Amino acid sequence: MKSKIGVTPEVELFFRPHLARIERIFPQVADHRLFQLRFADGAVSEAFQHTPGQFIELTVPGVGEAPISVSSPPTRPGVIEICVRKAGRVTSALFELQRGDQIAIRGPLGRGFPLETFRGHDLLLVAGGLGMAPLRSLLQTVLDERRAFGDLILMYGARNPDDILFKYELLGLMNRTDMKYLLSVDADEEGIWKQYVGVVTGLFKDVSLNPETTYCAMCGPPVMYRFVVQELLNRSVMPERIFLSLERMMQCGVGKCGHCAIGPYYCCTDGPVFSYSEIRDIKEAI
Ligand SMILES: Cc1cc2nc3c(=O)[nH]c(=O)nc-3n(C[C@H](O)[C@H](O)[C@H](O)COP(=O)(O)OP(=O)(O)OC[C@H]3O[C@@H](n4cnc5c(N)ncnc54)[C@H](O)[C@@H]3O)c2cc1C
Ligand code: FES
5 MKSKIGVTPE VELFFRPHLA RIERIFPQVA DHRLFQLRFA DGAVSEAFQH TPGQFIELTV
65 PGVGEAPISV SSPPTRPGVI EICVRKAGRV TSALFELQRG DQIAIRGPLG RGFPLETFRG
125 HDLLLVAGGL GMAPLRSLLQ TVLDERRAFG DLILMYGARN PDDILFKYEL LGLMNRTDMK
185 YLLSVDADEE GIWKQYVGVV TGLFKDVSLN PETTYCAMCG PPVMYRFVVQ ELLNRSVMPE
245 RIFLSLERMM QCGVGKCGHC AIGPYYCCTD GPVFSYSEIR DIKEAI
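Counting in this note's numbering, the sequence shown runs from 5 upward without gaps.
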């Protein structure tokens with residue numbers, strides 16, 4: 005018998021946590037780490053097919069669950085990467101674990117970025133802070149299938165030069181001729197920053213966008229969304245072409261508990277990725 009998500013009950017990914025092992029841990033900036041995870045069961049690993057922007061519910065045994073975005077691309081299956089900020093109970097307990105320890109995963113959950121719609125079009129990715137975690141999944145997907153997409157621009161804003169996630173990986177993008185990578189920091193107290201200092205929207209002065217062919221995908225704090233959306237609307241990008249990922253407190257992650265309601269939507273199942281046209285009339289959305 006097949007379940008509603010098309011896998012056998014043995015590998016039901018939606019409601020049942022499946023054991024996975026921490027394969028490697030890479031320190032990132034302060035209080036952030038990248039974890040590489042692999043399911044214990046190969047059939048579960050094969051059934052796990054995510055879209056950039058989707059998340060998992062990560063269980064630290066004996067502690068609890070937390071929603072965390074998938075940071076790796078679907079084009080590199082087998083290992084799931086997550087970038088985690090030490091925030092509270094579950095994430096602090098995760099930071100106590102070592103390589104080889106077991107956690108559990110439900111997912112992939114939610115609605116990610118509309119990858120099929122993006123294919124063949126120009127893409128502007130805008131990330132702020134930890135928003136780079138889910139956008140990295142989309143970025144790597146596009147880079148792995150570079151010919152399937154048009155022009156690619158990444159704008160990433162961090163608080164200061166020490167807060168840039170995936171720093172060395174992203175530095176490698178600077179020399180690419182098939183994309184534009186623009187980086188900003190809000191403040192540079194030591195005066196060492198050679199690129200733009202200011203909020204991420206300041207980077208728009210260096211790009212020209214074709215509103216007819218560009219889709220925008222963004223992930224960051226709500227205040228960033230308000231300013232970036234305004235920049236895009238000023239440049240005649242239609243609300244239907246602007247996609248953003250919203251973050252809400254979650255419990256079940258599967259549309260049952262109502263914790264993550266945003267207007268008529270549940271962030272966990274209708275989102276976390278929404279088009280701006282879907283949420284622009286919901287006052288509390290951003
Ligand atoms: C769809 C989605 C994707 C996410 N992706 C990531 C990710 O890739 N990496 C990452 O580090 N974190 C991510 N988060 C945030 C993460 O789930 C929270 O930080 C979570 O609270 C961590 O669990 P905890 O038990 O460690 O912290 P808790 O003990 O639950 O809480 C720590 C603090 O964070 C507050 N908090 C909890 N959830 C949220 C929320 N959604 N928004 C604002 N404040 C909150 C609590 O009130 C408390 O002050 C994501 C959240 C969502 C909804
Ligand atoms: S987290 Fe339970 S309905 Fe969304």
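Think of the CB as a built atom: it goes at the ideal place given N, C-alpha and C, for glycine as much as any other residue.
Bear in mind the structure is a predicted one, so any value in this text is a computation, not a measurement.
Can you tell me which residues form a DSSP beta bridge with residue i?
i	result
VAL71	Per the sequence presented here, residue 71 reads as Pro, with Val not at that position. Note: PRO71 sits in a beta bridge opposite GLU61.
VAL277	SER249
MET222	VAL130, LEU248
TYR269	ILE266
LEU23	ALA108
GLU85	GLN40
ALA162	VAL189
PHE30	LEU38
TYR200	SER188
LEU113	PHE59
LEU156	LEU127
With a threshold of 16 other CB atoms inside 10 Å of the CB of residue i, please say whether the residue is buried or exposed.
i	result
SER240	exposed
THR79	exposed
THR217	exposed
PHE30	exposed
ASP274	buried
TYR172	exposed
ALA91	exposed
MET254	buried
GLY176	exposed
GLU339	Beyond the ends of the chain as shown, which are 5 and 290, falls residue 339; an answer cannot be given.
ILE9	Its pLDDT being 49, under 50, ILE9 is placed unreliably in this model, and the coordinates cannot settle the point.
CYS261	exposed
ARG151	exposed
MET228	buried
GLN53	exposed
THR121	exposed
SER75	buried
GLN144	buried
GLY257	buried
PRO268	exposed
ARG110	buried
GLN234	exposed
ARG245	buried
GLU194	exposed
SER249	buried
PRO215	exposed
GLU85	buried
GLY161	buried
ALA44	exposed
To the nearest angstrom, how far is the alpha carbon of residue i from that of residue j?
i	j	result
PHE18	PRO81	18 Å
TYR270	SER73	17 Å
PRO71	SER141	16 Å
ASP126	ARG180	16 Å
GLN58	TRP197	33 Å
ALA131	MET159	6 Å
ALA34	ALA97	16 Å
LEU129	ALA47	33 Å
PRO112	ARG28	20 Å
VAL211	ARG20	45 Å
GLN102	PHE278	35 Å
ARG89	ALA51	27 Å
PRO124	PRO243	The residue asked about is misnamed: residue 124 is Gly in this sequence, not Pro. For GLY124 and PRO243, the distance between alpha carbons rounds to 19 Å.
CYS272	ILE60	10 Å
GLN40	LYS209	37 Å
ILE55	GLU100	Checking the sequence shown, residue 55 turns out to be Thr, not Ile. Whole-angstrom Cα-Cα distance: 29 Å.
GLY154	ASP148	13 Å
GLU282	LYS184	29 Å
GLU16	LEU23	12 Å
PRO276	ILE266	10 Å
ILE157	LEU213	10 Å
Against chain C, with Cβ distances strictly below 8 Å, would residue i count as a contact?
i	result
ARG163	Of the chains in the structure shown, none is chain C; there is only one protein chain.
Taking contact to mean at least 3 C-beta pairs separated by less than 8 Å, is the stretch 163-175 in contact with the stretch 188-196? Yes, the stretch 163-175 is in contact with the stretch 188-196.
For the pair the stretch 57-70 and the stretch 278-288, tell me if three or more CB-CB distances fall below 8 Å. Judged by pairs of C-beta atoms under 8 Å, the stretch 57-70 does not touch the stretch 278-288, as fewer than three such pairs exist.
Are there three or more Cβ pairs, one per stretch, closer than 8 Å when the stretch 216-224 is compared with the stretch 128-136? Proximity of the stretch 216-224 to the stretch 128-136 meets the contact definition, three or more beta-carbon pairs being nearer than 8 Å.
Taking contact to mean 3 or more Cβ pairs, one atom from each stretch, closer than 8 Å, check whether the stretch 198-211 and the stretch 103-122 are in contact. As far as the Cβ criterion goes, the stretch 198-211 does not touch the stretch 103-122, which means the pair count is below three.
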